[in-house]
Amino acid sequence: MKTKNADASMRTKDFAFKVKAAGETGAIEGYASVFGVRDSYNEAVMPGAFADSLAKHTREGTYPLMLWQHNPDEPIGVWNEMSDDGKGLFAKGQLLQGVRRADEALIMLKAGAVQGMSIGYREVDVEPSNAGEPRKLLKLDLLEASIVSFPANRRARVDSVKSDGRLSEFAQRLRDGEPPSIKEFEDVLREAGIPKAMAVQIASVGYAKAVRSESESSGEAIKSALSDALASLRSITTKT
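The C-terminal residue of the sequence shown carries number 240 in the UniProt record's numbering, and the numbering is unbroken.
Laid out in structure tokens, this is it:
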């Protein structure tokens, strides 16, 4: 049931994102919305806001559209997974290679020139702002999620433009006996979303020790150490 403050027209809400690792596949994933965060419009999307809309999409075998700047004439890809997981609206999608705007979007994502995602929705149920609290969006009909230029909420982000490019290059240099510098490894960790202090500690202690002892290690030992490091990295990023 709609509250009297619900707006039935389509509205949009912007979110910032950070690209962790850019490759050539065009696969993207991350949180299109994070629950309970007051944005610059003094609104907060509440847990469960997308549940009914996602259930409807599931019944109909559809997903919200992936557009460029909310332009219905410029679809740039497809979303193939969306879930309301308690933290927010988690989405996975694929930019369509060969589509001009999609190719441009991928280039800009990799360069960090594009800084936002925005959802297009209709309000179904809202709670008005009261006593300093934000206006709470309780139930939304999700229509589309666009790649856009200007973010409003810096808590939600696309976590990655996925490929094995950076990590593959990193591993290859280790195999070739040309380990990247500690700073380069720190940058890889930062791109993966690891906080700066933790990235510095991991790179300057564990990785530095491995590099120093490389000449005394077998190739298999190095590969094993790298595998363990990547497993730990994935474990950390899954929890953040």
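Using N, Cα and C, we set each Cβ at its ideal position, and we do this for glycine too. In this text, all values refer to a predicted model and were calculated from it rather than measured experimentally.
Assign residue i to one of two classes, buried (16 or more other C-beta atoms within 10 Å of its C-beta) or exposed (fewer than that).
i, result
"Glu186", "buried"
"Gly112", "exposed"
"Ile28", "buried"
"Lys13", "buried"
"Gly132", "exposed"
"Ile202", "buried"
"Pro72", "exposed"
"Tyr41", "exposed"
"Ala105", "buried"
"Ala22", "Its pLDDT being 45, under 50, Ala22 is placed unreliably in this model, and the coordinates cannot settle the point."
What are the residues that DSSP puts in a beta bridge with residue i?
i, result
"Val99", "None, per the DSSP bridge assignment."
"Glu74", "Glu74 pairs with nothing; no bridge assigned."
"Ser53", "Ser53 is not bridged to any residue."
"Ser33", "Leu89"
"residue 266", "There is no way to answer for residue 266, as the model of the chain reaches only from 1 to 240."
"residue 315", "With the chain covering only 1 through 240, there is no way to say anything about residue 315."
"Thr12", "Gly120"
"Leu137", "Val45, Val126"
"Ala197", "Paired residues: none, contrary to the question."
Could you check whether the Cβ of residue i sits closer than 8 Å to any heavy atom belonging to the ligand MG?
i, result
"Leu95", "You won't find the ligand MG in this model; it holds no ligand whatsoever."
Select from the options the residue whose C-alpha is nearest the C-alpha of residue i.
i, options, result
"Lys110", "Leu138, Gly26, Pro75, Asp125", "Gly26"
"Ala145", "Val99, Asp85, Arg122", "Arg122"
"His57", "Leu137, Ala208, Arg173, Asp141", "Asp141"
"Val126", "Phe35, Glu43, Tyr31, Ser33", "Glu43"
"Val78", "Lys196, Leu143, Val200", "Leu143"
"Val45", "Gly93, Pro72, Lys139", "Lys139"
"Gln69", "Ala102, Gly132, Pro179", "Ala102"
"Phe90", "Glu104, Ala105, Phe35, Arg59", "Phe35"
"Gly65", "Arg59, Ala51, Glu81", "In the sequence on display, residue 65 carries Leu and not Gly. Answer by Cα proximity: Glu81."
"Asp84", "Asp52, Asp176, Leu106", "Asp52"
"Lys183", "Val200, Gly177, Asp176", "Val200"
"Lys92", "Ile107, Arg100, Tyr63, Gly177", "Tyr63"
"Pro179", "Tyr207, Leu67, Ile107", "Tyr207"
"Ser181", "Leu137, Arg59, Ser204", "Ser204"
"Ser149", "Arg100, Arg11, Asp176, Met108", "Met108"
"Glu11", "Asn130, Arg100, Leu137", "Here the sequence assigns Arg to residue 11, which means Glu is not the residue at that position. Of the listed residues, the one whose Cα sits closest to Arg11 is Leu137."
Under 9 Å, do residue i and residue j count as touching if we go by C-beta distance?
i, j, result
"Leu95", "Ile76", "yes"
"Pro128", "Arg38", "no"
"Val114", "Ile147", "yes"
"Gly86", "Pro47", "yes"
"Ala49", "Ser33", "yes"
"Tyr31", "Gly116", "no"
"Glu74", "Leu67", "yes"
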